[in-house]
Amino acid sequence: MKILLPSAAVLALSLLARPALATPACSSLPGRVVTIESGDTQENLLKVLGRQLRDDAGVVLAFILTGSCTITSDMYTQQPILGGTLLEYVPSTAEVPGWDPTQPELQRTADPNGNAIDVGIAALFVQSCGLGGPPAGSNLTLVNGPIQAYTFVAPSGSSQQAIWAEEAYYAFGFGDQNQLAPWNDQELMFIRPPSKSTLVATAANILVPPDKWHGIPEDASEQVVSAVATSPDVERTVGILGSEVYDADRGAGIKTLAFQAFGQEHAYFPDSGASAFDKRNVRDGHYTLWSPTVYITPTDASGNPVNPDVAYLEDLVLGVEGAPSPEGGVPVDGLGDVVQVGLTPECAMHVTRSADGGPLSLFSSPTPCDCFFASRIPGAAGGAPAGCTACTTDTTCGGGQCRHGFCEAH
Amino acid sequence: MRTRVSLRMRWLVLGAACAAMACGRGSGAAATPGADAGAGDVASPADAGGPAPCVTNPQTYLEIINACTDAQAVDKDVNLAPMSAADGGLRPLP
Chain A
2 MKILLPSAAV LALSLLARPA LATPACSSLP GRVVTIESGD TQENLLKVLG RQLRDDAGVV
62 LAFILTGSCT ITSDMYTQQP ILGGTLLEYV PSTAEVPGWD PTQPELQRTA DPNGNAIDVG
122 IAALFVQSCG LGGPPAGSNL TLVNGPIQAY TFVAPSGSSQ QAIWAEEAYY AFGFGDQNQL
182 APWNDQELMF IRPPSKSTLV ATAANILVPP DKWHGIPEDA SEQVVSAVAT SPDVERTVGI
242 LGSEVYDADR GAGIKTLAFQ AFGQEHAYFP DSGASAFDKR NVRDGHYTLW SPTVYITPTD
302 ASGNPVNPDV AYLEDLVLGV EGAPSPEGGV PVDGLGDVVQ VGLTPECAMH VTRSADGGPL
362 SLFSSPTPCD CFFASRIPGA AGGAPAGCTA CTTDTTCGGG QCRHGFCEAH
Chain B
10 MRTRVSLRMR WLVLGAACAA MACGRGSGAA ATPGADAGAG DVASPADAGG PAPCVTNPQT
70 YLEIINACTD AQAVDKDVNL APMSAADGGL RPLP
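Just so you know, the protein sequences line up as chains A and B, in that order. Numbering-wise (the working numbering), the first sequence opens with residue 2 and increments by one. Numbering-wise (the working numbering), the second sequence opens with residue 10 and increments by one.
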């Protein structure tokens with residue numbers, strides 16, 4: 002199935018409807034601008050990483066947030082971001098000293114002649130969008146980044162704790178015609194449009210094609226949070242979110258539901274428990290609602306991103322140790338940012354898959370980072386996690402290897 | 010619970026072959042050989058009303074998702090029969 006996508010031009014026109022006449026262009030900012038089109042699930046990462054890159058590497062992440070399938074289409078067709086389109090960016094400490102990632106980004110416009118997109122960040126296997134691989138001769142390379150988990154959410158006051166894949170199939174596939182309680186009122190099902198990774202990836206796991214979903218499509222994740230949290234019928238309300246969006250909104254009147262996949266004996270949360278942040282069940286395969294983020298970028302003949310700042314960005318989110326900033330500056334802890342916002346780096350995964358909703362298989366990272374991951378999740382006590390040894394060189398690791406400050410098996 | 014087992018058979022048809030242990034939760038169902046049958050060891054055999062089994066050395070997909078863990082598991086009973094197809098599988102989408 003091919004999903005119809007709004008082009009960047011349409012998106013730009015919609016954005017232009019907002020008052021932007023007095024907004025200066027991104028190119029007027031000090032530093033090197035990296036223009037990004039990203040799924041909105043990655044907003045928290047872009048905010049956290051964007052602040053560090055502004056302060057420490059002289060890089061400005063300027064981005065628009067849209068659906069992963071739109072992003073893929075735009076990259077494949079080399080759609081630029083049209084001149085005047087409003088872009089989000091994170092202020093430097095010098096610009097706004099007190100800014101933190103809980104606050105909104107600032108805005109600038111694309112340059113009058115438009116901006117080529119340096120990197121598109123989708124949050125699913127792009128093949129799920131029905132677009133196939135990059136067009137021949139496009140020089141685009143797709144790199145799998147951190148793992149993005151998805152989750153079903155309910156109001157905090159709901160008695161529901163779990164949802165089976167079969168229940169989700171009937172709830173979202175039949176809507177008001179679903180005869181199973183409690184999720185059988187499609188006015189109380191808060192979903193995403195069929196171009197968004199949250200819906201497309203979840204769809205692949207419950208066998209309901211994106212264009213067959215019932216529910217109220219919300220354009221932004223935060224609108225799902227608000228709609229679920231304020232629903233007057235807590236028992237019958239359900240929504241879908243990226244799990245890191247949920248993590249950032251814990252305590253906002255919603256709770257995550259444990260998920261039981263087809264063929265599974267029990268339902269599990271993304272984390273080892275409802276209140277944990279360790280993504281243990283994502284990492285070991287007990288929780289199946291996840292996809293990789295995918296960085297789509299033009300590359301040279303060697304496969305390296307044409308824009309060296311994009312190469313640096315990719316190195317940071319992949320946890321490449323010692324990755325140098327193209328023009329110097331203070332090292333940025335990109336892997337720590339990934340963990341902080343609720344994503345899971347591939348180096349902390351023990352299962353993998355090759356398609357959204359596809360079967361999991363065992364995976365052993367060639368550069369594991371389990372201890373670093375455990376040391377950086379929200380609520381970590383600090384220092385070495387249980388079973389981990391802090392290190393600065395391999396010599397203290399007893400045959401293992403020192404990675405990101407901790408001894409790992411190899 | 011019969012409905013549950015039938016749905017899993019549907020899952021077999023859909024291409025995610027069902028391992029023997031994963032198809033018999035609470036039903037005492039006999040092993041169902043499948044493409045996904047792996048080398049994992051069943052830690053606690055299921056019987057009627059007994060605990061669901063788990064796998065101590067998971068290798069295949071169904072063994073991985075049903076591997077033994079001390080993570081919080083949530084169990085619920087769902088009667089899918091009102092929506093199931095005549096053969097007990099998933100009813101086709103409208």
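Ideal Cβ positions, reconstructed from N, Cα and C, are used throughout, including at glycine.
Worksheet item: Any beta-carbon of chain B closer than 8 Å to the one on isoleucine 4 of chain A?
Response: Position 3 of the first sequence, counted from the first residue, corresponds to residue 4 of chain A. Residue placement at isoleucine 4 of chain A cannot be trusted, given a pLDDT of 43 that sits under 50; what the coordinates show is reported in the next sentence. With 8 Å as the cut-off, isoleucine 4 of chain A does not count as an interface residue toward chain B.
Worksheet item: How is alanine 137 of chain A classed by DSSP in three states: helix, strand or coil?
Response: Working through the first sequence from its first residue, we reach residue 137 of chain A at position 136. In the structure shown, alanine 137 of chain A sits in coil (DSSP, three-state: anything other than H, G, I, E or B).
Item to complete: For the beta strand (DSSP E) holding leucine 66 of chain A, just list the boundary residues, first then last.
Response: Counting from one through the first sequence, the residue named residue 66 of chain A turns up at place 65. Boundaries of the beta strand (DSSP E) around leucine 66 of chain A: 60 to 67.
Worksheet item: Is serine 69 of chain A closer than 8 Å to valine 201 of chain A when the C-beta atoms are compared?
Response: Your numbering for residue 201 of chain A matches position 200 in the first sequence. Your numbering for residue 69 of chain A matches position 68 in the first sequence. Contact: yes.
Discussion item. Assuming glycine 337 of chain A and arginine 377 of chain A are in contact, meaning their beta carbons sit under 8 Å apart, how far apart are those beta carbons, in whole angstroms?
Written reply: Numbered from 1 along the first sequence, position 336 holds the residue referred to as residue 337 of chain A. Numbered from 1 along the first sequence, position 376 holds the residue referred to as residue 377 of chain A. Contact between glycine 337 of chain A and arginine 377 of chain A holds: their C-beta atoms lie close to 5 Å from each other, under 8 Å.
Worksheet item: What whole-angstrom Cβ distance do valine 120 of chain A and leucine 314 of chain A have, given they're in contact under 8 Å?
Response: For the purposes of this step, residue 120 of chain A is taken as residue 119 along the first sequence, with counting starting at 1. For the purposes of this step, residue 314 of chain A is taken as residue 313 along the first sequence, with counting starting at 1. Rounded, the Cβ-Cβ distance is 7 Å, consistent with contact.
Worksheet item: Taking 8 Å as the CB-CB cut-off, is asparagine 75 of chain B touching chain A?
Response: Residue mapping note: residue 75 of chain B aligns to position 66 of the second sequence, counting from 1. Cβ-Cβ to chain A under 8 Å: yes for asparagine 75 of chain B.
Discussion item. Please list, in chain order, the residues of the region 361 to 394 of chain A that have any C-beta partner in chain B closer than 9 Å.
Written reply: Taking 9 Å as the Cβ-Cβ cut-off against chain B, the residues of the region 361 to 394 of chain A that qualify are Leu361, Ser362 and Leu363.
Item to complete: Tell me whether glycine 49 of chain B is buried or exposed, calling it buried when 16 or more other Cβ atoms sit within 10 Å of its Cβ.
Response: Along the second sequence, one-based indexing puts residue 49 of chain B at 40. So glycine 49 of chain B counts as buried.
Worksheet item: Under a three-way DSSP split, which group does leucine 71 of chain B fall into?
Response: Along the second sequence, read from residue 1 onward, the residue named residue 71 of chain B stands at position 62. In the displayed model, leucine 71 of chain B falls within a helix according to three-state DSSP.
Worksheet item: In the structure shown, what three-state DSSP assignment does leucine 242 of chain A receive?
Response: In the first sequence, counting from the first residue as 1, residue 242 of chain A sits at position 241. Leucine 242 of chain A: strand per DSSP, three-state reduction.
Worksheet entry | Among A/Ser366, A/Val342 and A/Gly380, the one whose alpha carbon lies nearest that of alanine 249 of chain A | Here the question's residue 249 of chain A lines up with position 248 in the first sequence. Each of A/Ser366, A/Val342 and A/Gly380 was checked against the Cα of alanine 249 of chain A, and the nearest Cα belongs to A/Val342.
Practice prompt. Determine the direct distance from the alpha carbon of cysteine 398 of chain A to that of cysteine 32 of chain B, and round the result to whole angstroms.
Written response: The residue given as residue 32 of chain B occupies position 23 in the second sequence. The residue given as residue 398 of chain A occupies position 397 in the first sequence. Confidence at cysteine 32 of chain B is low in this model, with a pLDDT of 34, below 50, so its placement is unreliable and the value that follows should be read with caution. If I take the Cα positions, the gap works out to 43 Å.
Item to complete: Note down, in chain order, all residues in the region 173 to 192 of chain A with a beta-carbon under 9 Å from any beta-carbon belonging to chain C.
Response: Absent from the structure is chain C; the protein chains it does hold are A and B.
Discussion item. Need the endpoints of the beta strand (DSSP E) that glutamate 168 of chain A sits in, please.
Written reply: By one-based count along the first sequence, residue 168 of chain A stands at place 167. No beta strand (DSSP E) contains glutamate 168 of chain A, which is instead part of the alpha helix (DSSP H) from 166 to 175.
Discussion item. Quick check: what's the CA-CA separation for aspartate 301 of chain A versus leucine 141 of chain A?
Written reply: What you label residue 301 of chain A is simply residue 300 of the first sequence in a count that begins at 1. What you label residue 141 of chain A is simply residue 140 of the first sequence in a count that begins at 1. Just so you know, the alpha carbons of aspartate 301 of chain A and leucine 141 of chain A end up roughly 9 Å apart.
Worksheet item: Beta-carbon of phenylalanine 270 of chain A versus every beta-carbon of chain B: anything under 8 Å?
Response: Translated into the one-based positions of the first sequence, residue 270 of chain A becomes position 269. Yes, phenylalanine 270 of chain A lies at the interface with chain B (some Cβ there is under 8 Å from its Cβ).
Worksheet entry | Neighbour-count burial assignment, threonine 103 of chain A, 16 or more Cβ in a 10 Å radius | Reading the first sequence from its first residue, position 102 is the one you call residue 103 of chain A. Counting other Cβ atoms within 10 Å of its Cβ, threonine 103 of chain A stays below 16 and is therefore classed as exposed.
Worksheet item: Taking C-beta to C-beta, are phenylalanine 126 of chain A and alanine 356 of chain A nearer than 8 Å?
Response: Within the first sequence, the letter at position 125 stands for residue 126 of chain A. Within the first sequence, the letter at position 355 stands for residue 356 of chain A. Yes, they are a contact pair.
Discussion item. When you compare the CB of alanine 259 of chain A with every CB in chain B, is at least one pair closer than 8 Å?
Written reply: Mapped onto the first sequence, residue 259 of chain A falls at position 258. Residue contact with chain B for alanine 259 of chain A: present (Cβ-Cβ distance below 8 Å to some residue of chain B).
Worksheet entry | Partner residues on chain B for threonine 289 of chain A, Cβ-Cβ distance less than 8 Å | As a working note, residue 289 of chain A is residue 288 in the first sequence. Among the residues of chain B, those whose CB is under 8 Å from the CB of threonine 289 of chain A are Ile74, following chain order.
Fill in: Any C-beta of chain B under 8 Å from that of asparagine 282 of chain A
In the first sequence, the residue the question calls residue 282 of chain A occupies position 281. Yes, asparagine 282 of chain A counts as interfacial toward chain B.
Discussion item. Quick check on DSSP: helix, strand or coil for glycine 335 of chain A?
Written reply: On the first sequence, position 334 is the one that residue 335 of chain A refers to. DSSP places glycine 335 of chain A in helix when its eight states are reduced to three.
Worksheet item: Hey, does alanine 262 of chain A have any beta-carbon neighbour from chain B nearer than 8 Å?
Response: The residue given as residue 262 of chain A occupies position 261 in the first sequence. Yes, contact with chain B.
Practice prompt. Spell out a yes or no on whether the region 152 to 170 of chain A and the region 88 to 96 of chain A are touching, meaning 3 or more CB-CB pairs, one atom from each, closer than 8 Å.
Written response: Note that the region 152 to 170 of chain A does not touch the region 88 to 96 of chain A; fewer than 3 beta-carbon pairs, one per stretch, sit closer than 8 Å.
Practice prompt. Evaluate glutamate 322 of chain A with the Cβ neighbour count: other Cβ atoms within 10 Å of its Cβ, from every protein chain shown; 16 or more gives buried, anything less gives exposed.
Written response: Stepping through the first sequence from its first residue, residue 322 of chain A is reached at position 321. Glutamate 322 of chain A comes out exposed.
Practice prompt. Go ahead and label phenylalanine 153 of chain A buried or exposed: buried means 16 or more other beta carbons lie within 10 angstroms of its beta carbon, across all protein chains shown.
Written response: One-based indexing of the first sequence puts residue 153 of chain A at position 152. By the Cβ neighbour-count rule, phenylalanine 153 of chain A is buried, with 16 or more other Cβ atoms within 10 Å of its own.
Discussion item. Residues of chain B with CB closer than 7 Å to the CB of glutamate 168 of chain A, please, in chain order.
Written reply: In the first sequence, residue 168 of chain A corresponds to position 167, counting from 1. Under a criterion of Cβ atoms nearer than 7 Å, the residues of chain B adjacent to glutamate 168 of chain A are, in order, Val87.
Worksheet item: In whole angstroms, what separates the C-alpha of glycine 329 of chain A from that of aspartate 57 of chain A?
Response: Along the first sequence, read from residue 1 onward, the residue named residue 329 of chain A stands at position 328. Along the first sequence, read from residue 1 onward, the residue named residue 57 of chain A stands at position 56. Looking at the two C-alpha atoms, the distance is approximately 9 Å.
Discussion item. Whole angstroms are fine: how far does the CA of glutamate 223 of chain A sit from the CA of proline 42 of chain B?
Written reply: Residue mapping note: residue 42 of chain B aligns to position 33 of the second sequence, counting from 1. Residue mapping note: residue 223 of chain A aligns to position 222 of the first sequence, counting from 1. Note that proline 42 of chain B scores a pLDDT of 30, beneath 50, so its modelled location is shaky; the value from the coordinates is reported in the next line. Between proline 42 of chain B and glutamate 223 of chain A, the C-alpha separation is close to 45 Å.
Worksheet item: Just to confirm, are isoleucine 122 of chain A and isoleucine 72 of chain A a CB contact at a threshold of 8 Å?
Response: Here residue 122 of chain A refers to the residue found at position 121 of the first sequence. Here residue 72 of chain A refers to the residue found at position 71 of the first sequence. Contact: yes.
Worksheet item: What is the DSSP secondary structure of alanine 391 of chain A, reduced to helix, strand or coil?
Response: Residue mapping note: residue 391 of chain A aligns to position 390 of the first sequence, counting from 1. Alanine 391 of chain A falls in the strand class under three-state DSSP.
Item to complete: For glycine 274 of chain A, return the contacting residues in chain B, with the cut-off set at a CB-CB distance below 8 Å.
Response: Translated into the one-based positions of the first sequence, residue 274 of chain A becomes position 273. Ala80 and Gln81, listed in chain order.
Item to complete: Please go through the region 249 to 330 of chain A and give each complete alpha helix (DSSP H) segment of 4 or more residues, from N-terminal end onward.
Response: Restricted to the region 249 to 330 of chain A, the alpha helix (DSSP H) segments that are unbroken, complete and at least 4 residues in length are 281 to 285 and 309 to 319, listed in chain order.
Worksheet item: With burial defined as no fewer than 16 other Cβ atoms inside 10 Å of the residue's Cβ, what is the status of glycine 358 of chain A: buried or exposed?
Response: Looking up residue 358 of chain A in the first sequence gives position 357. A buried status is given to glycine 358 of chain A, since no fewer than 16 other beta-carbon atoms sit within 10 Å of its beta-carbon.
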